[in-house]
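> Chains as they are written, first to last, in this note's numbering: chain A, 1 to 458; chain B, 1001 to 1112; chain C, 2001 to 2635; chain D, 3001 to 3166; chain E, 4001 to 4490.
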Amino acid sequence: MNALIISAVLGVIMMFGSTLLKQKNSIRALATGGMLLLLLANLLEMGGIRFFQVELKGMLFFDQFALVFHSLLLLAVLLYIILAAPDMEKVGVNYADYFALLFFILCGVAMVLAFKSLLILFLGIEIISIPLYILTGSDKKNLKGNEAALKYFLLGSFSTGLMLMGIALVYGARGTFSTLANPAITPMNLNLLIAGMAFLLFSMAFKVSAAPFHFWTPDVYDGAPTVFTSFMATIVKAAVFVAFVRLFDELFGDFDGKWRLWVAVLTAVTLFIGNITAVFQQSVKRMLAYSSIAQAGFMLFALYAMNGDGKEGLLLYAAAYCFATIGIFAVLARMKDYTFDGFNGMGKTRPFIAAALAVFLFSLAGIPLTAGFLAKFYMLKAALAVPGSAWLVLFAVLMAAVSVYYYFRVLQAMYFREPGETSHPEFPAYFKWVLGAMAALVIVLGVLPELLLGRLYF
Amino acid sequence: MPVINYIYIAIALFSIGVVGVLTRRNAIIIFMCIELMLNAVNLMLVAFSKMHQNAAILAGDLAGNAGSDGQLFVFFIMVVAAAEVSVGLAIIVMMYRNIHSVDINFLNRLKH
Amino acid sequence: MNNALQIVYLIPLLPLLGFLVNGLGRNYMSKTLISWTGSGTVLASFILSVWVFLQVKDGNTYVAHYFDFIKVDKLVIPFAFKIDQLSSLFLLIITGVGFLIHVYSASYMHEENRGHYGRYFSYLNLFVFSMLLLVMGANYVILFIGWEGVGLCSYLLIGYWFGNQSYNKAANKAFVMNRIGDLAFLIAIFWMISKAGSTGFAEVFSVAKGEVTGQSFTGFDITMITLLLFIGATGKSAQIPLFTWLPDAMAGPTPVSALIHAATMVTAGIYMIARSNILYSMAPLTMDIVAWTGLATALLAASIALKQNDIKKVLAYSTVSQLGFMFLALGTGAYVAAVFHVMTHAFFKALLFLGSGSVIHAMGGEQDIRNMGGLSKKLKITFWTFVAGCVAIAGIPPFSGFFSKDAILLSAFEKSPVMYGIALFTALLTAFYMFRLLFITFTGKFRGTAQQAQHLHESPAAMTLPLIILALLSIAGGWVGIPEVFGHGLDQLSAFLRPAVASLPHAHPVSHETEYALMGVSTLLVLVMILAAWFMFRNYQRKETAGLAKWLENKWYVDELYDFLLVNPLHKLGGWFRSVADPRLVDGLVNGVGKAVQYGSRQLRLLQSGQVGSYVLLMVLSMVLFFGIQFFLRK
Amino acid sequence: MNIIQLLFWFLSVLAVFSALMMVTSKNPVYSVLWLIGTFFAISGHYILLNAQFLAIVNIIVYAGAIMVLFLFVIMLMNLNRETEPRKNRWLKMAGAVAGGCLLLVLVAALKETAGKEQFAMVNEGNIGLIRNLGKELFTTYVVPFEISSVLFLSAMVGAVVIGKKD
Amino acid sequence: MISLFLILFPMAAGMLHFFLKDGKTARSFALFSSLATLVIALLGLTVYSQPEQHSFSRPWLTILGSSFSLQADGMGKVLTLLNAVAYPLVILGTWQRVYAQPGRFFGLMLLAQAGMMGVFLTTDALLFYFFWELALIPMYFLASQWGGERRIPVTFKFFIYTFAGSVLMLAGLLYLQTQTADHSFSMAAFHKLKLHSATQLKLFWLFFVAFAIKMPVFPFHTWQPDTYEQAPAATTMILSGVMVKMGLLGLARWLMPVLPVASYQWGDVVMSLSVIGIIYASLIAIRQDDLKRLVAYSSIAHIGLMSAALFAENLSATQGVMIQMFNHGINIIGLWILIDIIERRYGTRKISELGGIARQAPVLAVFFVVIALANIALPLTNAFPGEFLMFNGILGAKSKYYILFVILAGLGIILAAVYTLNMIRRCFYGEPGTLSAAGGDLQAHEKWVLGIIVGLILWMGIYPQSLLGLSEGFSLQWLERIDISYLFRK
């Protein structure tokens, strides 16, 4: 709760910041400081120190998992802000407002991580979505940005409609929005529940961009300003995933027979479409969009398996995926050329950045000794605990092999090709430090996952 | 009134909304269709809310507020819808300012 | 137990040392030193061999076990030597004839430059080493090591003049054909291991004889093992179907041909079968196959030799033919006769080859007998020694060839008169083509160029001396095995070899009268053939060949047949694999997966049409699908 | 058939009919007006269900505020029948068929549900009254209520970010 | 501790190399550190040969059921020895090659060595997978950055292909782990598994494909000739000399004892593939014009024999495979060094453009002939005892078709002679071509390297017992593990 309230307050502060602070540096500093505070507050809450005594009435509950996850995401956001804040300036004039929106989104993130009522879930997702629509369209003169915003908005609203339909049906069956209650479900109610579950499945699949509800993802990620793509592809997606898993665990955990196969199909289709389509992309940004679909496919295993391994894996996956993707996007945001060729020869001209990128790409591709490997490993392990899942696991590993193809195209460009005509941007020292730290984090998590997973049960 | 009737009407309206989304190209109309979908959900929620109240009363809980949460949810939906409309229309207006059209097919630079 | 024979390891070791010294130091040593090292080591071995022979003659046999070459669980293959009658006899032949050839070579190869000269002698020494290893090995694996070793050396020596690619091709052919046989040999060894658990001669034979409890060969096993061994022998000893390498092996320097054909290598097959005589005696089917193959080879090679014009080719086919005789002997159970013939053949064939070398030397490298003639006047020693060799090979008493060949013919006769008939016919052909060679080369008018005529001269003593020694041996070498009909105890060779090799007793031994009659007939006919040759080739003139002669001249087109049946198809198949199957089919499949992914990617991304309407449509359709299946099909 | 049922059916038909007209109208302004009609019909349903608060809010917020906003925008852009983009006939058909199928499968899926046996309390029960809802809203639902302010704030900021001229 | 040092030392040295800029320093340091590794390995075989020196275990990734466990068994010792011997030879053999970014080059080489050491030594399945990839990725970078003209697509294919195989293996390992009693990745736990035969039959292919790609076995070989051709010489040597043994080790350690029933049941299929591969690759080798490709195909044939022998499942064959793994590595590294020398001297690898080198460079020719003949298993060279034992083992295999396998594999021997001799003949004999007139003979360091190789060849050829003894214990144990005769006794 600490983080939720503070992020709301920070959002408001930043909102006023746009009028009070004219210096961009001070805005940035304020945001970074606020982020630090947020992270600290959340860590303190993990330690049992709560700043606010709020009667939550069973609407929210911050358990260890939510707190750990939240801390992780906040850390990612902190790093994200440090890396990407200068790039936000390029997007438009409302510099402080972007931060305000980011903080509001964090508010929603806190909600979806800890919801105990469908109402909170709904509100949380909306609080996340609405600022994202805006951020997507924040580069107002850019037609691609406009298009992306409109598409995102229309499709997002549509999925909100679906979600509400689902909530309504579930409400019809259960008589309550709370996930804590465990009302008896009569056979007659079961149909309502399953129909509701289906709609929730669709809408959540949409939010995490699982095929066939993924269509918005490439267009929006591609069209949105790169800094914000980075944010929505990582923090938001990871948070929504937790919500997804929580929802199905708490609400439909007893009916896994009804949905597990569908999740499996969803997973397979997502893996397939994400990985296969990414192969042919020419723009790294769009490739990353598809890769995020592919990664979502892997994260869906947590839902599919719905066991302890799955949740631990989700945590690790989120860490691996967020750090790597934020890092790559941060570099990408500064590149002039978003195609693969734009990275040509970077291993020679910018060896440090290239090395960090290599680590990130390794992680995304699931090469051992990076967090990405262990994350995938956890997911597969979790899935294998479900009987009859062998085909899915096999399919997933084959798709992971396909993913190597497009991730390593970047590596190839960086290391094995000669630099092209477009020069690579200069990266300031702090940027290198942070990027290096993230790369180190990815490796450390890959070598000693206990550091993170151990937090879950102490 | 059997709840099934409300369900039928709600899903009919919902489906009409979906059909609208599918058949129109005007972004504003599409958005309106989505609003229609939301309203269909609202109607359903209210009907369920009254159903649960009915069930509670039949079960002997006369004084309780069973079912009121459904109506409150509708209230929140309206709140969210209002917020969404403000943002959505802003986006549509922004697009209109750039390309002088609200045709969703007009913009398709992002594909494949 | 201290045995005087402990030092036998020196016999192969010395030539090996010679090989190492000559091989590594060839650029630092003078030619004389090289030839002395090369010949000296072999001479030392020869002396040791003589000593060993004397020891063995006194009944002292020995198995020397040095270390375990391969030891896997119960299978122990020791590095061990076995000295018995058979091997000591072969030691003598190898080192003795080998030494003479070394001496001869020292002079023959004198025009080579130092490096090549050293290389040559190191190869020769290695050759002798391998052959010694072969005959001394106490088990089939050591035998096999020597077996492949001689193959290697023949390859190296045949391709000694590596500037000439056709020589190199001949070398390759020799090696590959030997390898084919070697494969069969190997399989035979494995078969033995699987049944007897050992490769030692003593162990295998005692299992074969049923002396070991718990292990035994079935009739099938023995037949297969012996057959496989025989296939191995056909490779090494140039029998049908693997004989074609031997004539091509003439590409090497002439002393090498002598070494390969006379003392070493080709006799390895005979040695091996004689060594395995216990197994062979238990496999009548194999014996028949061996006999008939030998006979067929003898006939085929003899027929080809009739029309060859290269002096060394004639001798080569004659070797093949003689080897056929030896196999005939083996196949009819006359192991001793085979070994006997190996010995006599070693003498006269070495003599003939070295003689031909002398001729070639004199002719300045010319090998075509059609360009020779009348050489007897200039090359007296060569001529007369050559005559001795021819007479010996033709089988005229009391020259050595007569006794050994007669033993074989007798054995064939005892086996079947048909065999005898063919064998006799072949023997006549032998006499005919040998004397054809002799007369064309040495009598009549000189047909070469004037320059060659001028150059003609007798070879130096280092070359003629071995010729003379060999000629003496060719004359007298057969006297160790004079048939029993002439008197009891004359067949010393059989007596000597009996502990190691004993010929099969025949079911129907022929009477002494028949034996005399046979000898008489064969001698008479041989003389007739010589006369015929004299009349036909005394004054040879070149003429075109046609018809059957053409076939003979082209060696029955056997090489072409092999090319057509095996070499070309495999070559084409390899080409097809290389250019079609591997890149298009196998790799095509692999790349196809990649391409399919690429193609799938290209098609799949079209789903991402950029149109919101189609996105929603697809989403709605999947929802409809879901509900349809969930509520209607999965009930 | 009593008056309530009569009203129910009337409102239902009205809602569906208006919705259909909204979807099919060529002129965006008509669409807005038909949609407002639908909202009124739905508000009628709310009243029937004794959910007066929602009925009022629906009319005020939806019909009153939201739809007027729509209308403003449409008029601002001067959209009319002529400027209305037309979809390909086949795509339209496909869309209609897909939507129809969705309706079909949903009806089929939900026809055997609790809704068949259970009844919604019509015209009675007081949970829908402002007093009750208000009490709930400010006690149990105070957290979401407060949080929704964040939503509005973000929407506000968003509208500014998007709408403000640079 | 020896086994830990064997991994840590090259790894640390490799990391250090990334900071070295100067080519000569990097090269010398690489030689020095590889020699040091060799010394460690030799010490492990002699002075510190006690079992406790060869095993090492520390908890790591415990929550996954894994641990950092190393243990050098017979096979491990043979292969680590090969790995340790190969590196100094390779570095010295390519001494004159100049690389861009030399520090990085040698660093990656040594990292790959560390990875392979790990693969050879670990007894934990997850760790095995880690090292597997750790060995692969430096190789990919080496081949792709310093390779020939078509390096990028070719090595990319190699990488993806191998990676695809390895992820299949990963899936298999994971599945096995879930089946173990204590959810552990340790080899002991895997060995205790008694899986249902139907499961085994399916699982088998997950592993086999991974290892078959690595070795490679027909028809999974197509990455190999291209990669060998394009990779820089030193990398090719390591790839074909040491790395392919990872596949064999995988089969022997992680597949056959874990899935004995399937290994038995699929044995015929694997052996068929292997012998087909022998013939197929040999026939292609006959028609190759590029020296590197020729040797590449010959390597496929040789590896095919080893994989066939492994599935013969008897002591003779197993011991044969064990020593052949070492010997094949030595021989093929020798061949690559020679080919590299030829390429550097004469600027081409095309057989048709070479000829008559023996006249220009007799020493080179002698070494080439000796090593090439060793490669075709001439007696008294190192490959002979190995091939002898393998053939003997295949003939003793339980398969119904053993005689067919022996004959087909034996045809490989003959064909090997054909292509090897042809190669020698066309490159070294005959009159010197225009190209070959240019080059000179060997230099001192090259003579040293090749001399050592020839020395090893002869030593192992005459006294193979020195290696056989090392692996005998392992082979016996191994055979017990893969023994499924209990199934027949029922």
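Even for Gly, the Cβ is constructed at its ideal location relative to N, Cα and C.
Here the structure is a predicted model, which means the values were calculated and not measured.
Figure out for me which residue from E:4336, E:4137, E:4186 and E:4076 has the closest Cα to the Cα of residue 4127 of chain E.
The residue labelled residue 4127 of chain E in the question sits at position 127 within the fifth sequence. Looking at the Cα atoms, E:4186 is the closest of the given residues.
> Look up residue 2062 of chain C in the DSSP assignment and give the residues it is bridged to.
Counting from one through the third sequence, the residue named residue 2062 of chain C turns up at place 62. For residue 2062 of chain C, which the question treats as bridged, DSSP gives the partners C:2083.
> At the 8 Å Cβ level, is residue 1103 of chain B part of the contact set with chain D, yes or no?
For the purposes of this step, residue 1103 of chain B is taken as residue 103 along the second sequence, with counting starting at 1. Residue 1103 of chain B counts as touching chain D.
> Counting only the same chain and skipping the five closest in sequence on each side, list residues whose C-beta sits under 7 Å from that of residue 2452 of chain C.
Position 452 of the third sequence, counted from the first residue, corresponds to residue 2452 of chain C. Contacts found: 2363, 2364 and 2366.
> Measuring straight from C-alpha to C-alpha, what distance separates residue 4402 of chain E and residue 2498 of chain C?
As a working note, residue 4402 of chain E is residue 402 in the fifth sequence. As a working note, residue 2498 of chain C is residue 498 in the third sequence. Each residue's Cα considered, the two are about 39 Å apart.
> Below 7 Å on C-beta distance, what does residue 3125 of chain D contact in chain B?
Looking up residue 3125 of chain D in the fourth sequence gives position 125. Per Cβ cutoff of 7 Å: 1050 and 1053.
> According to DSSP, is residue 4359 of chain E helix, strand or coil?
Position 359 of the fifth sequence, counted from the first residue, corresponds to residue 4359 of chain E. Of the three classes helix, strand and coil, the one that applies to residue 4359 of chain E here is helix, per DSSP.
> With DSSP as the reference, identify every bridge partner of residue 4058 of chain E, one or two as the case may be.
Your numbering for residue 4058 of chain E matches position 58 in the fifth sequence. Answer is E:4068, bridged to residue 4058 of chain E.
> What does residue 11 of chain A reach in chain D if we use C-beta pairs closer than 9 Å?
Position 11 of the first sequence, counted from the start, is the residue given in the question as residue 11 of chain A. 3150, 3153, 3154 and 3157, listed in chain order.
> Note down, in chain order, every chain D residue with its Cβ under 8 Å from the Cβ of residue 1026 of chain B.
What you label residue 1026 of chain B is simply residue 26 of the second sequence in a count that begins at 1. The answer, in chain order, is 3028, 3079, 3084 and 3085.
> Within the same chain, show all residues whose beta-carbon is closer than 8 Å to that of residue 322 of chain A, passing over the 5 residues directly before and after it, in chain order.
Start at 1 with the first residue of the first sequence, and residue 322 of chain A comes out as number 322. The answer, listed in chain order, is 72, 73, 76, 234, 235 and 238.
> Please go through the segment 4152-4234 of chain E and give each complete beta strand (DSSP E) segment of 3 or more residues, from N-terminal end onward.
Whole beta strand (DSSP E) segments, 3+ residues: zero.
> Do you know whose CA, among A:194, A:309, A:164 and A:118, lies nearest residue 177 of chain A's CA?
Translated into the one-based positions of the first sequence, residue 177 of chain A becomes position 177. If we check each option's Cα against that of residue 177 of chain A, A:118 comes out closest.
> Given that residue 450 of chain A touches chain E, what residues does it touch there, using C-beta distances under 9 Å?
Indexing the first sequence from 1 puts residue 450 of chain A at position 450. Near residue 450 of chain A (Cβ distances below 9 Å), the residues of chain E are 4061, 4062 and 4063.
> Could you give the first and the last residue of the continuous alpha helix (DSSP H) run that contains residue 2628 of chain C?
Start at 1 with the first residue of the third sequence, and residue 2628 of chain C comes out as number 628. Segment 2612-2628, the alpha helix (DSSP H) holding residue 2628 of chain C.
> Who are the near neighbours of residue 518 of chain A in its chain, counting only those whose CB is closer than 8 Å to its CB and skipping five residues on each side?
Since the first and last residues shown for chain A are 1 and 458, residue 518 of chain A lies out of range.
> May I ask you to list the residues that DSSP assigns as paired with residue 3119 of chain D?
Taking the fourth sequence and counting its residues from 1, the one referred to as residue 3119 of chain D is at position 119. According to DSSP, residue 3119 of chain D bridges with B:1002.
> Name the residue from C:2599, C:2484, C:2330 and C:2425 whose alpha carbon lies nearest to the alpha carbon of residue 2526 of chain C.
Counting from 1 along the third sequence, the entry for residue 2526 of chain C is found at position 526. It is C:2425 whose Cα lies nearest to the Cα of residue 2526 of chain C.
> Of the choices D:3076, D:3103, D:3005 and D:3058, whose alpha-carbon is the least far from that of residue 3028 of chain D?
Taking the first residue of the fourth sequence as position 1, residue 3028 of chain D is located at position 28. Of the candidates D:3076, D:3103, D:3005 and D:3058, the one whose C-alpha sits nearest the C-alpha of residue 3028 of chain D is D:3076.
> Alpha carbon to alpha carbon, how far is residue 394 of chain A from residue 4037 of chain E?
Walking along the first sequence from the start, residue 394 of chain A turns up at place 394. Walking along the fifth sequence from the start, residue 4037 of chain E turns up at place 37. Residue 394 of chain A and residue 4037 of chain E: Cα-Cα distance of roughly 39 Å.
> Can you check whether the C-beta of residue 1019 of chain B is within less than 8 Å of a C-beta belonging to chain A?
On the second sequence, residue 1019 of chain B is found 19 positions in, with the first residue counted as 1. Chain A contact via Cβ: absent.
> Answer yes or no: do residue 2268 of chain C and residue 2170 of chain C have a C-beta to C-beta separation smaller than 8 Å?
Here the question's residue 2268 of chain C lines up with position 268 in the third sequence. Here the question's residue 2170 of chain C lines up with position 170 in the third sequence. No, the pair does not count as a contact, with Cβ atoms beyond the cut-off.
> Please go through the same chain and pick out, in chain order, the residues whose beta-carbon is closer than 8 Å to the beta-carbon of residue 2234 of chain C, but skip the five residues on each side of it.
The residue you call residue 2234 of chain C lines up with position 234 of the third sequence. If we look at residue 2234 of chain C and ignore the five residues flanking it on each side, its Cβ neighbours are 2181, 2240, 2241, 2242, 2243, 2269 and 2293.
> Taking only the alpha-carbon atoms, compute the straight-line gap between residue 2001 of chain C and residue 4276 of chain E and give it to the nearest angstrom.
As a position in the third sequence, residue 2001 of chain C is number 1, starting the count at 1. As a position in the fifth sequence, residue 4276 of chain E is number 276, starting the count at 1. Note that residue 2001 of chain C scores a pLDDT of 45, beneath 50, so its modelled location is shaky and nothing firm can be said.
> Looking at chain B, which residues of the segment 2586-2617 of chain C have a Cβ within less than 7 Å of any of its Cβ atoms?
Under the 7 Å Cβ criterion, the segment 2586-2617 of chain C contributes 2605, 2606, 2608, 2609, 2610, 2611, 2612, 2613, 2616 and 2617.
> Would you say residue 4262 of chain E lies against chain A (beta-carbon separation less than 8 Å)?
For this step, residue 4262 of chain E is matched to residue 262 along the fifth sequence. Judged by the 8 Å Cβ criterion, residue 4262 of chain E is not in contact with chain A.
> Tell me, which residues are paired with residue 2137 of chain C by DSSP?
Residue mapping note: residue 2137 of chain C aligns to position 137 of the third sequence, counting from 1. C:2081.
> Helix or strand or just coil, what does DSSP make of residue 2113 of chain C?
Taking the third sequence and counting its residues from 1, one reaches residue 2113 of chain C at position 113. It is coil, neither helix nor strand.
> Can you tell me where the alpha helix (DSSP H) with residue 1024 of chain B in it begins and where it stops?
Locating residue 1024 of chain B in the second sequence gives position 24, counting from the first residue. First-last for residue 1024 of chain B: undefined, no H or E at that position.
> Pull up the distance between the alpha-carbon of residue 3054 of chain D and that of residue 3121 of chain D, whole angstroms please.
Position 54 of the fourth sequence, counting from 1, holds the residue named residue 3054 of chain D. Position 121 of the fourth sequence, counting from 1, holds the residue named residue 3121 of chain D. Cα-Cα distance, rounded: 16 Å.
> What whole-angstrom Cβ distance do residue 4131 of chain E and residue 4147 of chain E have, given they're in contact under 8 Å?
Working through the fifth sequence from its first residue, we reach residue 4131 of chain E at position 131. Working through the fifth sequence from its first residue, we reach residue 4147 of chain E at position 147. Contact doesn't hold; Cβ gap of about 23 Å is too wide.
> Considering only the alpha carbon of each residue, which of C:2582, C:2361 and C:2532 lies closest to residue 4224 of chain E?
What you label residue 4224 of chain E is simply residue 224 of the fifth sequence in a count that begins at 1. Of the candidates C:2582, C:2361 and C:2532, the one whose C-alpha sits nearest the C-alpha of residue 4224 of chain E is C:2582.
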